[in-house]
Amino acid sequence: QNMLEELLIHKPDDPIQYMINHLKQNNDDAPRICVLGPPASGKTTVAMWLCKHLDAIRISQETLLFREILALTKEAKAYKERKQKIPNALWANLIQERLSNVDCIKQGWILEGFPENQEQAWMLQSSGIIPRHVVVLYAPDTVLIERNSGKRLDPFTAEVYHTTFDWPSDPLVQQRLVKPEDLSEQEMSTKLLEYHRSFPGVFQIYQKILKSINADQPCMDVLSQVLTYVQTRHRSAAPFTPRILFCGPPGSGKSLQAALIAQKYGVVNICCGQLLKEAVAEKTKLGELVKPYIDNGYPVPDNLVMKILAERLNALDCMTNGWVLYGFPRDIEQGEQLQKSCIVPN
Numbered sequence: 001q002n003m004l005e006e007l008l009i010h011k012p013d014d015p016i017q018y019m020i021n022h023l024k025q026n027n028d029d030a031p032r033i034c035v036l037g038p039p040a041s042g043k044t045t046v047a048m049w050l051c052k053h054l055d056a057i058r059i060s061q062e063t064l065l066f067r068e069i070l071a072l073t074k075e076a077k078a079y080k081e082r083k084q085k086i087p088n089a090l091w092a093n094l095i096q097e098r099l100s101n102v103d104c105i106k107q108g109w110i111l112e113g114f115p116e117n118q119e120q121a122w123m124l125q126s127s128g129i130i131p132r133h134v135v136v137l138y139a140p141d142t143v144l145i146e147r148n149s150g151k152r153l154d155p156f157t158a159e160v161y162h163t164t165f166d167w168p169s170d171p172l173v174q175q176r177l178v179k180p181e182d183l184s185e186q187e188m189s190t191k192l193l194e195y196h197r198s199f200p201g202v203f204q205i206y207q208k209i210l211k212s213i214n215a216d217q218p219c220m221d222v223l224s225q226v227l228t229y230v231q232t233r234h235r236s237a238a239p240f241t242p243r244i245l246f247c248g249p250p251g252s253g254k255s256l257q258a259a260l261i262a263q264k265y266g267v268v269n270i271c272c273g274q275l276l277k278e279a280v281a282e283k284t285k286l287g288e289l290v291k292p293y294i295d296n297g298y299p300v301p302d303n304l305v306m307k308i309l310a311e312r313l314n315a316l317d318c319m320t321n322g323w324v325l326y327g328f329p330r331d332i333e334q335g336e337q338l339q340k341s342c343i344v345p346n
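Quick note on numbering: full-length UniProt numbering labels position 307 of the sequence shown as 307, and the sequence is numbered without any gaps.
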C-alpha cells in the first residue's frame with residue numbers, strides 16, 4: 001500500500017526501478033508522526049521522548065531554522081530576522097528538503113508543531129509528505145496559560161521543563177535552565193484563539209489517522225497513551241478476501257460465531273460435516289464414495305474430505321467473497337493436508 005501511494009504521488013518515469021528501490025530501502029515500518037497541539041500543550045516533550053523511544057528524527061520549526069544547514073534555511077531566517085511571517089510554501093519546502101535526507105528515510109521522523117493550518121497540511125500532502133499517525137494534544141486554555149508562565153528550557157539538550165509540573169531532579173540541569181522568550185498572557189490568549197480557529201481545517205484532513213490525547217494529566221500517562229497509539233497499524237485499504245478458520249472443542253460456539261461472521265461480512269459459511277452430507281444428498285461422484293462411511297458411522301478418510309473441501313473452497317463465491325470454515329482440520333495431519341492443498345487461512 002505504501003509503495004502504491006508513493007507511485008501515485010511521485011509518478012516516476014521508470015516505475016519498475018522505483019518499486020525495486022522502494023523495496024531495497026525496506027523502511028515501510030519507519031515512523032512518520034506529526035505531534036500537534038496548542039502552545040504549552042507539551043508537543044516538544046512528547047516529540048523528544050518519542051524520538052528517543054523510536055530512534056526517529058525530530059523535526060520542528062526551531063530545528064529547521066537553527067540546527068540544520070539546508071538550501072532554504074538562509075531565506076527562512078531572513079524572514080525571521082525581519083520579524084515577518086515565514087510563508088507556508090517555504091516551510092513546506094524546508095520540511096520536504098529535510099525529510100528527503102537519508103536519516104529520515106531510514107529512521108523515520110517526528111514532525112513537531114506542523115502543519116498549523118489547512119493550507120500547510122495541503123502543501124505537505126502535495127509534496128508527498130503523508131504522516132501515518134497524527135497525535136493532537138489538548139488541555140483547557142486556563143491550564144495552558146498557567147503552564148506557559150512556568151516553562152523552562154535546557155539550552156544543552158533543548159528539553160523543556162516546568163517549575164511546577166516537571167522539575168528536573170539533577171541539580172546541574174536545574175542550574176542551567178533558562179526562561180524562554182515567553183509569550184505574555186495576552187499574546188498567549190491570541191495564539192490560542194488562532195489555534196482554535198485553524199485547527200478544525202487540519203482535523204478535517206487527518207481525521208482518519210488522528211488521535212486526540214488529553215495533555216492535562218501526569219506526563220507519563222500522556223507519553224504512554226501516545227506510544228500505544230503510534231505503535232498501532234491502521235487498517236489497510238487494499239482489497240482483502242477473508243479466509244477464516246474456527247477451531248475449538250465441541251460446544252465452544254464455533255458454528256454460532258461462524259454464522260455471525262458470515263452474516264456480518266458477507267463471507268461463505270462452510271461446515272465440513274454439513275458439506276459431506278450435502279455431497280451425499282446431491283449424489284455426486286465423491287458423495288457416492290463418502291456415503292458408505294457416513295451410513296456405517298465411520299470417519300470419512302482425509303483424502304476424500306480434502307477433495308470435497310478443496311472443490312468447495314475453490315468455487316467462485318468463496319474465491320470472491322472469502323470464507324469461514326469450521327469442523328476441519330481436527331488434527332495436525334489434516335492441518336498439513338490443508339496447507340499442501342494451498343488452502344491457507346489468513
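We put the beta carbon where it would ideally sit given N, CA and C, even for glycine. Here the structure is a predicted model, which is why all the values come from computation and not from measurement.
query	result
Rounded C-alpha distance that separates residue 156 from residue 212	31 Å
Straight-line Cα distance separating residue 261 from residue 293	31 Å
Beta carbon of residue 267 nearer than 7 Å to that of residue 230	no
Sequence-distant residues of its chain with Cβ nearer than 7 Å to residue 223 (five each side left out)	46, 49
Beta carbon of residue 341 nearer than 7 Å to that of residue 315	no
Unbroken stretches of the beta strand (DSSP E), 3 residues or longer, contained in the region 93-163	109-112, 133-138, 151-153, 160-162
Distance CB(residue 308)-CB(residue 279) smaller than 7 Å	yes
Enclosing beta strand (DSSP E) for residue 34 [first to last residue]	32-36
Among 31, 39, 244, 129, nearest to residue 139 - alpha-carbon criterion	39
Close Cβ partners of residue 70 (< 8 Å) along its chain, the five nearest in sequence each way excluded	64, 94, 97, 98
contact_flag[the region 187-195, the region 118-138] where n(CB pairs < 8 Å) is 3 or more	no
Own chain, CB closer than 6 Å to residue 199, minus 5 neighbours either side, in chain order	none
Span separating the alpha-carbon of residue 187 from that of residue 145	10 Å
Three-way DSSP call (helix, strand, coil) for residue 323 in this model	strand
Whole-angstrom distance between residue 246 and residue 51, CA atom to CA atom	41 Å
CB of residue 153 within 7 Å of CB of residue 160, strictly	yes
Alpha carbon of residue 277 to alpha carbon of residue 317, nearest angstrom	20 Å
Nearest neighbour of residue 239, chosen from 15, 83, 321, 134 [CA to CA]	321
Span of the beta strand (DSSP E) around residue 46	That residue, residue 46, is in no beta strand (DSSP E); its alpha helix (DSSP H) goes 43-54.
Reference residue 106, options 265, 22, 170, closest by Cα	22
Other residues of its chain near residue 185: CB distance less than 7 Å, five sequence neighbours each side excluded	145
7 Å Cβ cutoff met for residue 327 and residue 273	yes
Extent of the continuous alpha helix (DSSP H) run through residue 348	This structure does not reach residue 348, given that the chain is present from 1 up to 346, and the question cannot be answered.
Residue 302 - DSSP class collapsed to helix/strand/coil	helix
Contact belief for residue 304 with residue 343 at Cβ below 8 Å, rounded distance in angstroms	Between residue 343 and residue 304 the Cβ distance is about 15 Å, and since that is not below 8 Å, they are no contact.
Cβ neighbour criterion (16 or more within 10 Å) applied to residue 265	exposed
Backbone CA spacing between residue 431 and residue 242 [nearest angstrom]	The displayed coordinates of the chain run from 1 to 346. Any statement about residue 431 would go beyond what the structure contains.
Three-state secondary structure (DSSP) of residue 240	coil
Per-residue DSSP class, three states only, for residue 295	helix
Rounded separation between residue 72 and residue 11 - CA only	25 Å
Inter-residue Cα distance where the pair is residue 20 and residue 129	20 Å
Proximity of residue 87 and residue 202 at Cβ, strictly below 7 Å	no
Which listed residue (169, 149, 34) has its alpha carbon closest to that of residue 111	34
Outcome for residue 251 when other beta-carbon atoms lying within 10 angstroms are tallied against a minimum of 16	exposed
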